[in-house]
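Participant: Numbering-wise, the sequence shown is residues 306 to 532 according to my numbering.
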Amino acid sequence: MKFKKIDKDELVGNVVVGGVLAGLVLSIPFVMLADGVKKIYNRIPAVARKRERLNAEIRKLEQILGLEGRDETCVQYDPYFYRNFSRDRLHYYYALKNKVERGYKSPDIVLAMKIKKPEINFLDMLESPICRANSGPSKYIVYLMADKGIYNIPDEAVQKVLKEDLGMELVDNDFKSLGLATLSECGRPGDYFIMSSPGEYLYEDVSYKNETIKKLIEDFRQRIQKL
306 MKFKKIDKDE
316 LVGNVVVGGV
326 LAGLVLSIPF
336 VMLADGVKKI
346 YNRIPAVARK
356 RERLNAEIRK
366 LEQILGLEGR
376 DETCVQYDPY
386 FYRNFSRDRL
396 HYYYALKNKV
406 ERGYKSPDIV
416 LAMKIKKPEI
426 NFLDMLESPI
436 CRANSGPSKY
446 IVYLMADKGI
456 YNIPDEAVQK
466 VLKEDLGMEL
476 VDNDFKSLGL
486 ATLSECGRPG
496 DYFIMSSPGE
506 YLYEDVSYKN
516 ETIKKLIEDF
526 RQRIQKL
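As structure tokens, this is what we get:
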């Protein structure tokens, strides 16, 4: 009897998929149990009262910071900030309190970035169930966010300067579809215009101190504020 030779990549792929499926099946009962315990705990009267007091204090801080309209699921001042650490309402409260005490104001210009989608070697995909991306460090695209209350970006003359002189282009303010991460915290991302900038950067080079990015911001401020 002849046995079919099993390809190494195919074997690895099957083992990985099988392990993931087994892990999901085994974890479902524990996830359901934890969710049930959490719901029961949150219904304890003393816990519910404490949560309401915390939410009331948070709403006061949100009002001071101009964040009205947020619901009780918010746990971060800027949900798109690349160094977010807050994961619950208590940490969110202290973050807001700290900003109020410091008189924090969202910057007029905010840098944002997203990773450039890696190029995929489709020949490798056909040969192996494991998708291999081309090797090499990831590149990032940088975006400039400009406060709508200060800069009049939709003006045609402004957009002409952006494109022809600065190599920038206005894009839709849709963080979820763009997949952006901000480098400075801004409480209301919707209050900003978003513009793509030329070039690509390594992760460690995306910074306000980067000479190329610094010059781009300076040129933007000088050219746009004059219009």
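Each residue gets a CB set at the ideal place from its N, CA and C atoms; glycine is no exception.
#1: Let me confirm a value: SER482 is counted as buried when at least 16 other C-beta atoms fall within 10 Å, else exposed. Which label applies?
#2: Just reading off the alpha helix (DSSP H) that LYS410 is part of, what are its end residues?
#3: If distances are taken between C-alpha atoms only, which option among SER502, LYS404 and SER391 comes closest to ASP470?
#4: Counting beta carbon pairs with one atom in the region 353-371 and one in the region 473-482, are three or more of them shorter than 8 angstroms?
#5: Please state whether the Cβ-Cβ distance between VAL405 and ASP393 is less than 7 angstroms.
#6: If you draw a straight line from the alpha carbon of ASP524 to that of VAL447, how long is it in whole angstroms?
#7: State the start and end residues of the unbroken beta strand (DSSP E) segment that holds LYS421.
#8: For the beta strand (DSSP E) that contains SER501, what are its first and last residues?
#9: Can the beta-carbon of VAL463 be found closer than 7 angstroms to that of ILE414?
#10: Taking just the CA atoms, how far does TYR508 sit from ASP452?
#11: Alpha carbon to alpha carbon, how far is SER489 from GLU505?
#12: By the 10 Å Cβ neighbour count, where 16 or more other Cβ atoms means buried, how is LYS519 classified, buried or exposed?
#13: What three-state label does DSSP hand LEU488 in the structure shown?
#14: With distance defined between alpha-carbon atoms, name the residue in LYS422, ARG356 and TYR497 nearest to ASN457.
#15: Determine the DSSP secondary structure at LYS514, reduced to helix, strand or coil.
#16: Please check the pair MET418 and TYR385, which I expect to be a contact at CB under 8 angstroms, by giving their CB distance rounded to whole angstroms.
#17: How long is the line joining the alpha carbons of LYS365 and LEU395, rounded to whole angstroms?
#18: Taking the beta carbon of SER391 as the centre, do at least 16 other beta carbons fall within 10 Å, making it buried, or is it exposed?
#19: What are the boundary residues of the alpha helix (DSSP H) that ASP452 is part of?
Facilitator: By the coordinates alone:
#1: To locate residue 482, count along the sequence shown from 1; it is residue 177. Residue environment for SER482: exposed (fewer than 16 other C-beta atoms within 10 angstroms of its C-beta).
#2: The count along the sequence shown starts at 1 and reaches residue 410 at position 105. Membership of LYS410 in any alpha helix (DSSP H) is not indicated, and neither H nor E is assigned to it by DSSP.
#3: Numbered from 1 along the sequence shown, position 165 holds the residue referred to as residue 470. Closest by alpha carbon: SER502.
#4: no
#5: In the sequence shown, the residue the question calls residue 405 occupies position 100. In the sequence shown, the residue the question calls residue 393 occupies position 88. Contact: no.
#6: Within the sequence shown, residue 524 is the residue found at index 219, counting from 1. Within the sequence shown, residue 447 is the residue found at index 142, counting from 1. Answer to the nearest angstrom: the Cα atoms are 15 angstroms apart.
#7: Against the sequence shown, residue 421 aligns to sequence position 116. Note, LYS421: premise wrong, no beta strand (DSSP E); not H, not E.
#8: Residue mapping note: residue 501 aligns to position 196 of the sequence shown, counting from 1. From DSSP, the beta strand (DSSP E) with SER501 extends over 497-501.
#9: Taking the first residue of the sequence shown as position 1, residue 463 is located at position 158. Taking the first residue of the sequence shown as position 1, residue 414 is located at position 109. Cβ distance not < 7 angstroms, so VAL463 and ILE414 don't count as in contact.
#10: In the sequence shown, residue 452 corresponds to position 147, counting from 1. In the sequence shown, residue 508 corresponds to position 203, counting from 1. Distance from the CA of ASP452 to the CA of TYR508, rounded to the nearest whole angstrom, comes to 25 angstroms.
#11: Position 184 of the sequence shown, counting from 1, holds the residue named residue 489. Position 200 of the sequence shown, counting from 1, holds the residue named residue 505. Going by the C-alpha atoms only, they are around 19 angstroms apart.
#12: For the purposes of this step, residue 519 is identified with residue 214 of the sequence shown, where counting begins at 1. Label assigned to LYS519: exposed.
#13: Within the sequence shown, numbered from 1, the residue matching residue 488 stands at position 183. The answer is coil: DSSP assigns LEU488 none of H, G, I, E or B.
#14: In the sequence shown, the residue the question calls residue 457 occupies position 152. Of LYS422, ARG356 and TYR497, the residue nearest in Cα terms is TYR497.
#15: The residue you call residue 514 lines up with position 209 of the sequence shown. Three-state result, LYS514: coil.
#16: As a working mapping, residue 418 is identified with position 113 in the sequence shown. As a working mapping, residue 385 is identified with position 80 in the sequence shown. Not quite, the Cβ-Cβ distance comes to about 11 angstroms (not below 8 angstroms), so this is no contact.
#17: In the sequence shown, residue 365 corresponds to position 60, counting from 1. In the sequence shown, residue 395 corresponds to position 90, counting from 1. Take the alpha-carbon of LYS365 and the one of LEU395: they are about 14 angstroms apart.
#18: Residue mapping note: residue 391 aligns to position 86 of the sequence shown, counting from 1. Label assigned to SER391: buried.
#19: Along the sequence shown, read from residue 1 onward, the residue named residue 452 stands at position 147. Element bounds for ASP452: not the alpha helix (DSSP H) but the beta strand (DSSP E), 444-452.
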